[in-house]
Structures are given as C-alpha cells and as structure tokens.
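Counting from 40, one number per residue, gives the positions in the sequence shown under my numbering.
Don't be surprised by glycine CBs; every beta carbon is placed ideally from N, CA and C.
Just so it is clear, the structure is predicted and the values come from calculations on it, not from any experiment.
Below: the structure, in structure tokens.
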Amino acid sequence: MHPNVPQTPFNLNLTSGVTLVNLEWEAVEGVDNYNIYRNGNKIAEVAAEYTTYKDTKLYAGTEYVYLVKTVIDGIESAESLEVSISTKESSGG
C-alpha cells in the first residue's frame, strides 16, 4: 500500500428532494479533494475544505447509490460505505 493512501471517508449521510440529493460526510485531514460517485460513476470532485455536495437534475422517485473517496497526491482511498437513497415522488403532473 502506498504510504500516502488517504483515510477512507466516513459518516456519509444523504437527504433527498424530488430531483436532488444532498451528500454530507466527515472531513478527512490532509487530503487534496474528494471524489463523488453515483451508481459507480465519478460525477464530481470536491475541494478538501468542503464536506458537502448537491447532486441535481435527477429523476423523481428513483433510487441512487453514492460513495465518496478521498484523494491525496492523485491516489484515491478505498471507497466509503455505499449509501442508497430514493428521490421523492413528484407531486404534480
């Protein structure tokens, strides 16, 4: 294992709206950034000073699976625990 492999992110919490999911996790010291994954695909990089991300333009009433990885010197950590959430159903038509 590379000596600079960062600590795995923890305490990933999700909340949802109709077309969005908010992610929040505990900060990990010494990392360069966080990589956000949805359904196995990287969707964003978040600067180290932030521990939240808002994923928008999602489909109502749909389940999504998220995980976060920390990055240091270009090396990703192991995955956080995967957390799944469903967006809320649309109330109108």
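Where do the N-terminal and C-terminal ends of the beta strand (DSSP E) with residue 91 fall, by residue?
Segment 91-94, the beta strand (DSSP E) holding residue 91.
Skipping 5 residues on each side, what residues in its chain have a beta carbon closer than 8 Å to that of residue 125?
Closer than 8 Å at the Cβ level, and outside the excluded window around residue 125, lie 55, 100, 101, 102, 103.
Looking at the structure shown, is residue 108 part of a helix, part of a strand, or coil, going by DSSP?
If DSSP states are grouped into helix, strand and coil, residue 108 belongs with the strands.
Note down the Cα distance separating residue 114 from residue 49, rounded to an integer number of angstroms.
Their backbone Cα atoms lie some 18 Å apart in a straight line.
Residue 73 lies in the beta strand (DSSP E); which residues open and close that run?
Where residue 73 is concerned, the enclosing beta strand (DSSP E) stretches over 72-77.
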